[in-house]
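Below you'll find the structure, written out as structure tokens, and then a few comments.
Chains as they are written, first to last, in the numbering used here: chain A, 1 to 159; chain B, 1001 to 1159.
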């Protein structure tokens, strides 16, 4: 395994570890728990799930892998705070999206070539990337993993 | 910049970003807030700081860089849960340790050679490392960054 493949393995392993942790936690929570706040006055589990879903789904277009699946979640789960939007998907739907999104991303990631992981994502300009080659797709995945860990640390408080 | 240096830059950048985030949050909290629970019945900020300090300090020996500085924190902040141990350092001490530890680790990390980051840490055996070269020092730093993000997500709830 060369250095490039090794580093991709490290990045994907951290991502998969956190997906598995969140998935296990969510499977163990009832629909009622999904509708509870992680602490008084803070976000509900369902909001955090919708938020992770939308942020993860955006990677499909940031990586130019295809068309993203849940753009309709951005408004309620990224742009707006929890409880600001009515008519949200029920917990049963979010559960399905969560599983499906993880499978979809896994399939996309597995089909990326090693070189592709080190190319720029669409949120960085060609000019900036020329001098900041660290702003590549793998780096974005590492940042998204930290973002997931941040919210996972909040989700576990429901227990 | 070769691939190896690029990966190290990515890993260190994520680490430094999170150190800066936690540092800024802690500077903005009063001693009284440090002594508060992040949510009813959950860990206090001071416990989470002591916990991060002890876990980060352990890296010095895991990476064989020298002698760690705060082994005395392990019992109260890693082995035991919050409020189980009396005679803990006051907040003013923890504040100093936190700043000092970050400077110390930065200095150690800056002096590591690129090759060194891809060697094994002491928690993995030579046999396991032979077949799992991804279990290197840089990978441990990436994991510790996720660990810090997890607890940072909890700390921000104090606001």
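Every residue gets a Cβ at the ideal spot worked out from N, C-alpha and C, and that includes glycine.
Considering only residues of the same chain and omitting the five flanking positions on each side of residue i, which have a CB-CB separation below 6 Å?
i              : result
residue 164/A  : Residue numbering for chain A in the displayed model covers 1 to 159; residue 164/A lies beyond these limits and cannot be assessed.
residue 117/A  : 8, 137, 138
residue 1102/B : 1019
Per DSSP, what kind of secondary structure is residue i in: helix, strand or coil?
i              : result
residue 93/A   : helix
residue 1136/B : strand
residue 106/A  : helix
residue 1100/B : helix
residue 1037/B : strand
residue 44/A   : strand
residue 120/A  : strand
residue 1070/B : coil
residue 1009/B : helix
residue 87/A   : coil
residue 1032/B : helix
residue 1064/B : coil
residue 59/A   : helix
residue 80/A   : coil
residue 1024/B : helix
residue 148/A  : helix
residue 111/A  : coil
residue 2/A    : coil
Between the alpha carbons of residue i and residue j, how many angstroms are there, rounded?
i              : j              : result
residue 150/A  : residue 1148/B : 8 Å
residue 92/A   : residue 3/A    : 42 Å
residue 47/A   : residue 33/A   : 12 Å
residue 1099/B : residue 1016/B : 13 Å
residue 1079/B : residue 71/A   : 44 Å
residue 1160/B : residue 1112/B : This structure cannot speak to residue 1160/B, because chain B is shown only from 1001 to 1159.
residue 1012/B : residue 1064/B : 18 Å
residue 66/A   : residue 114/A  : 18 Å
residue 89/A   : residue 27/A   : 18 Å
residue 81/A   : residue 41/A   : 12 Å
residue 1135/B : residue 84/A   : 44 Å
residue 1122/B : residue 10/A   : 18 Å
residue 133/A  : residue 94/A   : 36 Å
residue 6/A    : residue 1001/B : 18 Å
residue 1052/B : residue 52/A   : 25 Å
Relative to the alpha-carbon of residue i, which residue among the options has its alpha-carbon at the smallest distance?
i              : options                  : result
residue 50/A   : 22/A, 131/A, 15/A, 111/A : 22/A
residue 1154/B : 1096/B, 1043/B, 1094/B   : 1043/B
residue 1160/B : 1141/B, 1120/B, 1140/B   : Since the first and last residues shown for chain B are 1001 and 1159, residue 1160/B lies out of range.
residue 141/A  : 6/A, 1/A, 14/A           : 14/A
residue 31/A   : 102/A, 133/A, 96/A       : 96/A
I'd like the list of long-range same chain contacts for residue i, defined as Cβ closer than 8 Å, with 5 residues on each side in sequence excluded.
i              : result
residue 1157/B : 1038, 1039
residue 1152/B : 1018, 1021, 1022, 1025
residue 1055/B : 1078, 1144, 1147
residue 1076/B : 1050, 1084, 1085, 1088
Going along the chain, which residues of its own chain have a beta-carbon closer than 7 Å to the beta-carbon of residue i, five neighbours each way excluded?
i            : result
residue 45/A : 29, 33, 34, 36, 38, 155, 158
residue 74/A : 54
Tell me whether residue i counts as near the ligand ZN, meaning its Cβ is closer than 7 Å to at least one heavy atom of that ligand.
i            : result
residue 22/A : Questions concerning the ligand ZN fall outside what the structure shown contains, since it holds no ligand whatsoever.
Cβ pair count under 8 Å reaching 3, the stretch 1121-1138 of chain B against the stretch 1093-1110 of chain B = no
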